[in-house]
Ligand code: AMP
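Numbering (my numbering), first residue to last: 4 to 547.
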């Protein structure tokens, strides 16, 4: 028997309108190259309607892809809402990709228009003559358009100046495409994830829940994670829905800049990848910033080292909410919040739980499976591939049957390529990407666990562990370590190995440790193990 409830489409327009009716006085603050920009959600709403008129005047039709090539700021936020609410598709392009990847992505997405920050024009100029479908470029920022070979080129603020303020957003189908984001895959071509209105609507609700990221009107949200990385983890949508003040860093991502912004704008929740917060932690140790407003740091994208979680909590009283997700999951999959009764557990136990990637968000079903696809027990020991399904999980890659072929199990679960254990309380702990696991004599060694332990050593700033060829064991771990600057001359391989020895099985101990100034990072700031493996491909491990 069917129920008797309204057929009400779950589209972004309703989130936008909810904000308009209730939160007009709340602020959006952006640091831009021209200085700090601030306005209210009432101003934002007016400009989203103006932008909708601009888009229509430029010929954007339902289903057209509109690309952004930009840092995090208010104009990007306006595009986040205006583009999907008129029925077009917001394609957020990763500004850190290589030229060939950019060309592939723009052409594969068949973008019609590109909105670009003035400072990023040179990156686009390098590829523009290879873009087959782009008809126009619109330059954001507030000044005059810099000298450029991009053509035809228009100025965002000029277009906005004469646009009418009224716009009636159409009723869309909740299954219509809202956005497109390509994963920063380390192999093959980037793969497109085409979000629906329905997926983002439900993801936005789920992300705000106290059991998830716990975001409300009272918060001041600082998405440092780029708006081209899985929609800044959905935070722009969440903040607009709940009416939280938003603070954007623009291109200013240095630890001191972030600390200043947190202090000046009284940020309560900041979100980004671990490397950002490792930098912030050291800046806070060395400087005198008032970060007392901060009540949570959301950390995801790669494993948050336990030392970072303990450090922020003990030294600054700021808890880290460790989350796991993927572009393919819109992106939220799990969050490591403690259950109430765990608050009574001994400190050691609590940190052990909080350093895990956490429990599935309500709406996401999660299992671990062996290579034959058999589900494995949640005993905290058995490792298997993480597989998920749910209303904000991708069902196929965009126009890419080849990539979609192996991404799903025969019974319809998405294969994440991550390997994890799940404990009886339901907390997942990622042990590796399938391709990063180190296979020594047929047994698996978790590079992530070794990295986390190493990063707990006071002289270590960053550590990445990779597999290096070994004649007898096929692969053995090599640790690549960036020392804390004050200890770069007195850190030794021996002390790190002795530090690890009581904490892991002896056959897990890295065969060697090399000290470097920097670990290569991917376009979204994660350790780039592929580049690292390439750098150390012929590395001779000590024979001892
Ligand atoms: P992306 O789509 O670029 O965000 O990449 C998703 C991948 O990042 C996941 O499949 C994981 O391998 C990794 N990842 C994301 N969050 C975490 C986390 N908290 N701990 C470990 N790995 C993570």
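Cβ atoms here follow ideal geometry from the backbone N, Cα and C, with glycine treated the same way.
Closer than 7 Å: is that where the CB of residue i sits relative to any heavy atom of the ligand AMP?
i           : result
residue 469 : no
residue 233 : yes
residue 436 : yes
residue 534 : no
residue 326 : yes
residue 334 : yes
residue 307 : yes
residue 304 : yes
residue 528 : no
residue 139 : no
residue 230 : no
residue 421 : yes
residue 329 : yes
residue 281 : no
residue 390 : no
residue 186 : yes
residue 433 : yes
residue 360 : yes
Taking the straight line between their C-alpha atoms, what separation do you get for residue i and residue j?
i           : j           : result
residue 205 : residue 79  : 22 Å
residue 54  : residue 402 : 29 Å
residue 160 : residue 71  : 16 Å
residue 324 : residue 11  : 33 Å
residue 28  : residue 51  : 16 Å
residue 166 : residue 219 : 33 Å
residue 88  : residue 49  : 14 Å
residue 449 : residue 347 : 30 Å
residue 331 : residue 291 : 39 Å
residue 242 : residue 498 : 46 Å
residue 421 : residue 485 : 25 Å
residue 238 : residue 197 : 18 Å
residue 488 : residue 520 : 9 Å
residue 496 : residue 111 : 47 Å
residue 533 : residue 193 : 15 Å
residue 247 : residue 223 : 6 Å
residue 154 : residue 262 : 39 Å
residue 126 : residue 384 : 46 Å
residue 376 : residue 536 : 29 Å
residue 16  : residue 408 : 33 Å
residue 271 : residue 542 : 45 Å
residue 38  : residue 512 : 49 Å
residue 316 : residue 293 : 15 Å
residue 177 : residue 13  : 5 Å
residue 183 : residue 113 : 11 Å
What is the C-beta distance between residue i and residue j, in whole angstroms, given that I count them as a contact (C-beta under 8 Å)?
i           : j           : result
residue 66  : residue 180 : 7 Å
residue 281 : residue 273 : Incorrect: roughly 14 Å between the Cβ atoms, too far for contact.
residue 34  : residue 252 : 6 Å
residue 116 : residue 63  : 6 Å
residue 75  : residue 258 : Actually they do not touch by this definition, with Cβ atoms about 17 Å apart.
residue 308 : residue 459 : 7 Å
residue 95  : residue 234 : 7 Å
residue 268 : residue 245 : Actually they are not in contact, since the Cβ atoms of residue 268 and residue 245 sit about 17 Å apart, beyond 8 Å.
residue 482 : residue 516 : 4 Å
residue 387 : residue 367 : Not really, about 17 Å apart at Cβ, beyond 8 Å.
Taking all protein chains shown into account, do 16 or more other C-beta atoms lie within 10 angstroms of the C-beta of residue i, making it buried, or fewer, making it exposed?
i           : result
residue 86  : buried
residue 506 : exposed
residue 20  : exposed
residue 6   : exposed
residue 288 : exposed
residue 144 : buried
residue 25  : exposed
residue 22  : buried
residue 414 : exposed
residue 101 : exposed
residue 2   : A query on residue 2 cannot be resolved here, the shown segment of the chain reaching from 4 to 547 and no further.
residue 529 : buried
residue 56  : buried
residue 1   : Lying before the first or after the last residue shown, residue 1 is absent from the chain, which here runs from 4 to 547.
residue 437 : exposed
Just list the alpha helix (DSSP H) runs in the region 355-414, keeping only unbroken ones of 4 residues or longer that don't cross its boundaries, in chain order.
-> 404-408
Jot down the residue ranges of each uninterrupted beta strand (DSSP E) in the region 8-58, minimum 3 residues, whole runs only, in chain order.
-> 30-35 and 38-43
Segments of 4+ residues assigned as alpha helix (DSSP H) that fall wholly inside the region 500-546 = 532-538
Considering only residues of the region 104-181, which uninterrupted beta strand (DSSP E) runs meet the minimum length of 3 residues and lie entirely inside it, listed in chain order?
-> 114-119, 139-142 and 156-158
Beta strand (DSSP E) segments (min. 3 residues) lying fully within the region 322-359 | 323-328 and 335-338
Where are the beta strand (DSSP E) runs, 3 residues long or more, that stay fully inside the region 246-287, in chain order?
-> 248-251 and 272-275
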